[in-house]
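So the sequences go chain by chain: H and B.
Here the first sequence stands for residues 1294 to 1528, numbered as in the working numbering.
Here the second sequence stands for residues 1294 to 1528, numbered as in the working numbering.
Structure first, then comments.
Protein chains: 2
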Amino acid sequence: MTAQAPTMRPASRRKTVRRGRPPGESPTPRQIIDFAEAAFAARGYAGTSLRDISEGARVNPALIRYYFGSKEKLFCEVVLRRGRQVTRERIRLLDELERRPGGPAEIEEIVHAFLRPVAEMRREGPSGLASLRLIARLQSEPQALIRELRRRIWRDSTRRYIAAIHRALPELDAATVYWRMIALIGAYIYAITDANNLRLFSDGRCSSDDVDELLRQLVPFLCGGLQAGTASRPS
Amino acid sequence: MTAQAPTMRPASRRKTVRRGRPPGESPTPRQIIDFAEAAFAARGYAGTSLRDISEGARVNPALIRYYFGSKEKLFCEVVLRRGRQVTRERIRLLDELERRPGGPAEIEEIVHAFLRPVAEMRREGPSGLASLRLIARLQSEPQALIRELRRRIWRDSTRRYIAAIHRALPELDAATVYWRMIALIGAYIYAITDANNLRLFSDGRCSSDDVDELLRQLVPFLCGGLQAGTASRPS
DNA sequence: GAATAAATTACACGCTTGAATAATTTTGAA
DNA sequence: TTCAAAATTATTCAAGCGTGTAATTTATTC
């Protein structure tokens, strides 16, 4: 965690920092993306300056331009990396579910597969939470730019889940499934990135930091919602 | 909508705008708040400059300071005004429901009362949508400042709804009600401020602009979620 | 070992930002 | 009628912004 001593030169008497390519492997653009993600998640696109990021990543501001070209491009990179990761996992889990022998997947299983990648991220502590907050912010970020990004990240995987849900609940008409998917997404994002509303409402008795409890609570709620008005009511 | 002619002086031949107090009633801080709300909703706190607002409200930037003191204070004013409006309406509707003779309120009625104030705002077109987006953004805005604001705005009224829901669904334990309230809030905010995810997923066949359809879809989903695991399954 | 490419820093540029101040005009009360 | 308070604009300020450029150092390749 402590990214100390990037140059590792003990007795340099120079007052100013050494220029040029440092020995050893480069601190890499990775550092920049990592810190940028946390910063964008915490303060948003407009609220984060390149100098914030460059200081946090212990790197010269011009390096960001060198690697990413501009603030916008860096933002896209950050968002894409994390979004693709979630999407990839979701698709993998759904594939697994659908290839499995023994009849079509239960609705609980589908919802669980949809939530699992984000739940795992949430488990990673503050940095995971930051990533999720970043995702949650995407709804509203820099208008035009992000719209296309969102589409590219979420469209296909979400459609596959919509189809799977519809297969599990064939009584629902298509429009209803779309609407319920929107509601489902809103509910899980809000709950998983909750700052302290749960604590506030419950007078400190509940906390959204408990990921297992979160899944235990969220899955039945969402399945109940998805199944509303249908005959199916398992267990 | 067209906030033209704030001073109403037809034949002023001066090139530069006249200083000092203009005749007639003042364009009022109201103009400023109105435009500020739309701007903050569209681009967020950090993404909106005081000059954006002052230009949009056709007012000198210094007037904002004169009336509100600072950007932060203006933001609070904007948020408080709209938040209080929703809260007040919600409480009024719940009071009405609870004073009504004929047994305790049904869960559908409670959920409907909770959603109605925001649904009515959504009906007001783009400006209503802007107000809702502002509310949706509050989850993440300028960290420290907004946290306290959120508490002041939502805490009491939400607790009353939590209590009402618990009364309607006494089989649920308290913790479950808290969790489900969080999920409910997330679902409705996301759905009602949806940019074009619904359209995207449904290939243009559904749109979240239809407020009646939104309620028709949202209420059963949310009630289904709230009732999950209980025996009650009305109609 | 010389030359080239890669990685990094320092620094400067023009612009925008939130805030502050001073000047000006109008209103309304004495 | 006079005058203080209120409402408004013009202008200025220092700080911070994203970006661009040149200099510098290291690593790699021939």
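Even for Gly, the Cβ is constructed at its ideal location relative to N, Cα and C.
- B:F1368 does not reach chain H, its nearest Cβ partner there being about 13 Å away, counting only Cβ pairs nearer than 7 Å.
- Residue-level contact check: H:S1433 touches chain B, since one or more beta carbons of chain B fall below 8 Å from its beta carbon.
- When DSSP states are grouped into helix, strand and coil, H:S1420 belongs to the helix group.
- The Cβ atoms of H:I1428 and B:Y1483 do not sit closer than 8 Å to each other.
- Residue environment analysis places B:E1441 among the exposed positions, since fewer than 16 neighbouring C-beta atoms fall within 10 angstroms of its C-beta.
- Only A1467, A1468, T1469, Y1471, W1472, R1473, M1474, I1475, A1476, L1477, I1478, G1479, A1480 from the segment 1458 to 1480 of chain B bring a Cβ to less than 8 Å from some Cβ of chain H.
- In the DSSP assignment, B:S1450 falls within the alpha helix (DSSP H) that extends over 1436 to 1461.
- Think of a sphere of 8 Å around the beta carbon of H:S1495: the chain B residues whose beta carbon falls inside it are A1467, A1468, Y1471, in chain order.
- Apart from sequence neighbours up to five positions away, the residues of its chain that approach H:L1507 with a beta-carbon distance below 8 Å are A1412, R1415, A1484, I1485, S1501, ordered along the chain.
- When 7 Å is used as the limit between beta carbons, B:N1490 is near these residues of chain H: I1475, in chain order.
- Within the segment 1406 to 1438 of chain B, the residues whose Cβ lies closer than 9 Å to some Cβ of chain H are R1426, A1429, R1430, Q1432, S1433, E1434, P1435, Q1436, listed in chain order.
- At a cut-off of 8 Å, the C-beta of B:T1451 has a neighbouring C-beta in chain H.
- Listed by position along chain H, the residues whose Cβ is nearer than 7 Å to that of B:G1395 form an empty set, because the closest Cβ is around 25 Å away.
- In this structure B:R1336 is buried. Its beta-carbon is surrounded by 16 or more other beta-carbon atoms within 10 angstroms.
- Listed along chain B, the residues sitting closer than 8 Å to H:A1484 by beta-carbon distance are W1472, I1475, A1476, G1479.
- Residues of chain B whose Cβ lies closer than 9 Å to the Cβ of H:L1373 do not exist; the shortest such Cβ separation is about 18 Å.
- When 8 Å is used as the limit between beta carbons, H:I1455 is near these residues of chain B: F1494, in chain order.
- When the Cα atoms are used, B:K1364 and H:I1439 turn out to be separated by approximately 26 Å.
- The residue from H:R1430, H:V1379, H:T1451 with its alpha-carbon nearest to that of B:S1495 is H:T1451.
- With a threshold of 8 Å between beta carbons, B:R1392 makes no contact with chain H.
- Take the alpha-carbon of B:R1358 and the one of B:L1387: they are about 38 Å apart.
- DSSP, read as helix, strand or coil, puts B:S1347 in helix.
- The beta carbon of B:L1515 sits closer than 8 Å to some beta carbon of chain H.
- Leaving aside the five residues that flank H:V1404 on each side, the residues in its chain whose CB is nearer than 7 Å to its CB run, in chain order, V1512, L1515, C1516.
- For B:R1383, the closest alpha carbon among the candidates B:A1488, B:Q1510, B:R1448, B:L1408 is that of B:L1408.
- Taking all protein chains shown into account, B:N1490 has 16 or more neighbouring C-beta atoms within 10 Å of its C-beta and is therefore buried.
- The beta carbon of H:L1356 is closer than 8 Å to those of I1325, S1347 in its chain, skipping five residues each way along the sequence.
- Just measuring C-alpha positions, the residue of H:G1396, H:R1381, H:V1470 sitting nearest H:R1445 is H:R1381.
- In this structure, DSSP gives B:Y1471 a helical state, which the three-state scheme calls helix.
- By the neighbour-count definition (other C-beta atoms within 10 Å, threshold 16), H:A1406 is a buried residue.
- C-alpha of B:R1374 to C-alpha of B:I1455: approximately 23 Å in a straight line.
- Interface with chain B (8 Å Cβ-Cβ cutoff): H:Q1520 is included.
- Contact annotation: H:G1518 and H:A1467 have beta-carbon atoms that are not nearer than 8 Å.
- Taking a Cβ-Cβ cut-off of 7 Å, the neighbours of B:Q1510 in chain H comprise T1469, W1472, given in sequence order.
- Neighbourhood of H:A1331 in chain B, by CB distance below 7 Å: empty, with the nearest CB roughly 13 Å away.
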